[in-house]
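*Asks:* Dumping the structure here so I can ask a few things about it.
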Amino acid sequence: MNCPICKKPVELTDAEFPFCSERCRLIDLGNWALERYVISEPVEPEPSDEKED
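If you read the sequence shown in my numbering, its first letter stands for residue 10, the second for the next number, and so on.
Here it is, written out as structure tokens:
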């Protein structure tokens, strides 16, 4: 597997998996904080079988 940030090879046993280093892990966290990543579909509540009165 490759690091999602810098594309270096990463082993399953590496301490920062799936990243190659703490630096790449923090870059990814920052991308979430800056809203560079988004979830493409809105979250919708599951339909309920109960009727509201």
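The beta-carbon is built from N, C-alpha and C at its ideal position, and this holds for glycine as well.
Considering only the beta carbon of each residue, do P27 and P13 sit closer than 8 Å?
*Replies:* Yes, these two residues count as a Cβ contact at 8 Å.
*Asks:* By Cβ distance, which residues of its chain are closer than 6 Å to C29, with the 5 residues on each side in sequence left out?
*Replies:* C12, K17, V19
*Asks:* Check the Cβ-Cβ distances between I14 and every residue of chain B, and say whether any is below 8 Å.
*Replies:* Going by chain labels, chain B is absent from the structure shown, which holds only one protein chain.
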